[in-house]
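Asks: Chains A and B, in that order, give the protein sequences.
Residue numbers are given in UniProt numbering: position 1 of the first sequence equals residue 1, and the series is strictly consecutive.
Residue numbers are given in UniProt numbering: position 39 of the second sequence equals residue 39, and the series is strictly consecutive.
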Amino acid sequence: MDLPKPRGPLSERVLGTLASGRSGGIGPLAALPAPETGDDAALTLWCLYELSYRGFEDVDDRLEWDPTLIAVRRDLEDDLERRLRASWSGRPSYEGDFAEAFFASVETHEGPSLARYVQREATADQVMELVQARSIYHLKESDPVAFTVPRLPTGPRAALMELQYDEYGAGRPERLHAHLFATGMTALGLDPAEGAYLDQAPLPVLEQNNTMSLFGLHRRLRGASLGHLAAFEATSSGPCRRMSQGLARLDLAPQMQAYYDEHVQADAVHEQLAVRLICGPLIEAEPELEDDVWLGAFSCLDLEDRVAEHYLDRWGVTA
Amino acid sequence: MSGPSTPGTPDVVICPGGPLLLRGDHLVRDEDGVEHATTRPISAVCRCGKSATKPWCDGNHKAIPEKLRP
Chain A
1 MDLPKPRGPL SERVLGTLAS GRSGGIGPLA ALPAPETGDD AALTLWCLYE
51 LSYRGFEDVD DRLEWDPTLI AVRRDLEDDL ERRLRASWSG RPSYEGDFAE
101 AFFASVETHE GPSLARYVQR EATADQVMEL VQARSIYHLK ESDPVAFTVP
151 RLPTGPRAAL MELQYDEYGA GRPERLHAHL FATGMTALGL DPAEGAYLDQ
201 APLPVLEQNN TMSLFGLHRR LRGASLGHLA AFEATSSGPC RRMSQGLARL
251 DLAPQMQAYY DEHVQADAVH EQLAVRLICG PLIEAEPELE DDVWLGAFSC
301 LDLEDRVAEH YLDRWGVTA
Chain B
1 MSGPSTPGTP DVVICPGGPL LLRGDHLVRD EDGVEHATTR PISAVCRCGK
51 SATKPWCDGN HKAIPEKLRP
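1. Do you know how far the Cα of residue 180 of chain A is from the Cα of residue 70 of chain A?
2. I need the DSSP call for residue 178 of chain A, collapsed to helix, strand or coil.
3. Using the beta-carbon of each residue, which ones in chain A are nearer than 8 Å to residue 8 of chain B?
4. Hey, does residue 30 of chain B have any beta-carbon neighbour from chain A nearer than 8 Å?
5. Helix, strand or coil, according to DSSP, for residue 315 of chain A in the structure here?
6. Alpha carbon to alpha carbon, how far is residue 105 of chain A from residue 26 of chain A?
7. Please confirm whether residue 49 of chain B has its beta-carbon closer than 8 Å to some beta-carbon of chain A.
8. CB residue 214 of chain A to CB residue 293 of chain A, shorter than 8 Å?
9. Kindly list the residues whose CB is nearer than 7 Å to the CB of residue 280 of chain A, restricted to its own chain and excluding five residues on each side of it in sequence; keep chain order.
10. When DSSP labels each residue in this structure, what does residue 61 of chain B get in the three-state scheme?
11. Per DSSP, what kind of secondary structure is residue 34 of chain B in: helix, strand or coil?
12. At what residue ranges does the segment 244 to 294 of chain A contain a whole run of the alpha helix (DSSP H), taking only runs of 4 or more?
13. Does residue 68 of chain A pass the burial test, meaning 16 or more other C-beta atoms within 10 Å, or should it be called exposed?
14. Does the segment 31 to 47 of chain A come into contact with the segment 2 to 12 of chain A, if we say contact requires no fewer than three beta-carbon pairs (one atom in each stretch) closer than 8 Å?
15. Can you tell me whether DSSP reads residue 11 of chain A as helix, strand or coil?
16. Can you find the residues in the same chain that come closer than 6 Å, C-beta to C-beta, to residue 195 of chain A, ignoring five residues on each side of it along the sequence?
17. Give me the Cβ distance between residue 267 of chain A and residue 233 of chain A, rounded to the nearest whole Å; I'm assuming they're in contact under 8 Å.
18. What is the C-beta distance between residue 204 of chain A and residue 317 of chain A, in whole angstroms, given that I count them as a contact (C-beta under 8 Å)?
19. Determine the direct distance from the alpha carbon of residue 274 of chain A to that of residue 95 of chain A, and round the result to whole angstroms.
20. With a threshold of 8 Å between beta carbons, is residue 1 of chain B in contact with chain A?
21. Between residue 19 of chain B and residue 47 of chain B, how many whole angstroms is the CB-CB distance? I'm expecting something under 8 Å.
Here is the structure:
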């Protein structure tokens with residue numbers, strides 16, 4: 001993909017460095033401009049993370065592990081993690097089974113729902129705008145948590161691979177979920193190239209995506225990565241059914257309806273795997289990770305609320 | 001639930017209040033005698049009767065009051 005447009009002094013300097021191919025151009029860390037806005041910081045971090053996924057055209061792949069850029073990334077990550085922990089409401093107290101407590105906690109979470117709006121009221125233009133925003137994650141669907149696989153004890157590692165095998169199409173590229181989304185985008189007349197809509201992605205979308213990378217790329221945060229996965233899967237089947245119904249109501253792209261229909265069933269399986277066979281056994285094996293599992297779950301739900309608030313507010317919808 | 005040290009892993013897992021997980025390739029015959037082949041590494045078979053995609057679970061058990069779930 002191409003580098004996006006900078007959103008402030010920090011992203012301007014860092015993206016310029018990426019384009020130049022030499023981190024020498026970035027100068028001493030102490031002299032780096034502070035991020036001017038949340039957008040400036042989040043876009044910079046998103047681009048540094050992209051070096052660990054599929055990278056940018058015309059950017060030297062070696063810069064992924066450039067010590068200066070890693071130091072920049074580290075500062076931005078520390079700030080993001082600090083904010084995630086500060087917003088977290090804390091681990092709920094419960095008696096008995098983790099799985100039941102987890103499902104109950106997710107079910108009682110109340111936030112604004114974009115899927116419900118799409119199902120009943122959204123215009124085609126609003127759906128197109130939402131699909132563009134969702135593409136930032138869905139075109140790398142399941143990739144962040146793939147980094148977590150080698151960092152797990154035996155049982156959760158096998159179970160996560162079983163889930164990921166399904167996400168990645170069980171050996172069939174045409175069933176790989178990110179590819180299904182790309183196919184749906186094409187059918188909607190959108191550009192399915194990664195990063196095509198990065199310039200339009202608002203701050204909450206970038207933060208949502210950065211959080212998954214943060215959790216996935218740090219072994220220390222493997223509990224948060226899996227808690228995030230579990231909450232994501234446990235809040236997916238119903239909303240995906242509503243998205244599909246909204247697309248059908250507007251008579252839009254059957255291929256994108258198929259993407260969401262696939263997720264109704266896939267995620268009804270995945271939520272059980274993620275909660276009962278991945279997070280539960282992880283906590284049994286490594287009890288010290290339980291707080292982070294709940295942190296990851298909370299972050300998933302909270303960041304989605306912010307994305308929903310952003311779009312509903314932008315479209316003038318009163319909750 | 002399989003723990004890290006559990007020898008052998010069940011191929012059928014009953015989820016309290018939710019579906020029955022089925023690992024591997026199977027043919028499932030529904031109430032009407034229609035056979036459905038599994039299509040994914042693990043499938044979730046509806047146990048609550050409320051799924052719109054029977055015989056597969058679609059998460060609809062969550063819409064049922066907790067006491068009435070399977």
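Here a beta-carbon is modelled for each residue, glycine too, at the ideal position from N, C-alpha and C.
Replies: In brief:
1. One C-alpha to the other measures close to 33 Å.
2. Three-state result, residue 178 of chain A: helix.
3. None at all; the shortest Cβ gap to chain A is about 12 Å.
4. Taking 8 Å as the CB threshold, residue 30 of chain B stays off the interface with chain A.
5. The answer is coil: DSSP assigns residue 315 of chain A none of H, G, I, E or B.
6. Cα-Cα distance, rounded: 45 Å.
7. So, not an interface residue.
8. Not a contact, by the Cβ cut-off of 8 Å.
9. The residues are 98 and 99.
10. Looking at residue 61 of chain B - three-state DSSP - the assignment turns out to be helix.
11. Residue state for residue 34 of chain B is assigned as coil, using DSSP reduced to three classes.
12. Within the segment 244 to 294 of chain A, the complete alpha helix (DSSP H) runs of at least 4 residues are 254 to 272 and 280 to 285.
13. In summary, residue 68 of chain A is buried, with 16 or more beta-carbon neighbours lying within 10 Å of its beta-carbon over all protein chains present.
14. Enough Cβ pairs lie closer than 8 Å, so yes.
15. Assigned with DSSP and collapsed to three states, residue 11 of chain A falls in helix.
16. Excluding its 5 nearest sequence neighbours in each direction, residue 195 of chain A has C-beta neighbours in its own chain below 6 Å: 1, listed in chain order.
17. A Cβ-Cβ separation of about 5 Å places residue 267 of chain A in contact with residue 233 of chain A under the 8 Å criterion.
18. Not really, about 16 Å apart at Cβ, beyond 8 Å.
19. For residue 95 of chain A and residue 274 of chain A, the distance between alpha carbons rounds to 20 Å.
20. Only weak support is given to the placement of residue 1 of chain B: the predicted model assigns it a pLDDT of 49, under 50, and the value that follows is read from those uncertain coordinates. The beta carbon of residue 1 of chain B falls within 8 Å of a beta carbon belonging to chain A, placing the residue at that interface.
21. Yes, residue 19 of chain B and residue 47 of chain B are in contact; Cβ-Cβ is about 6 Å, under 8 Å.
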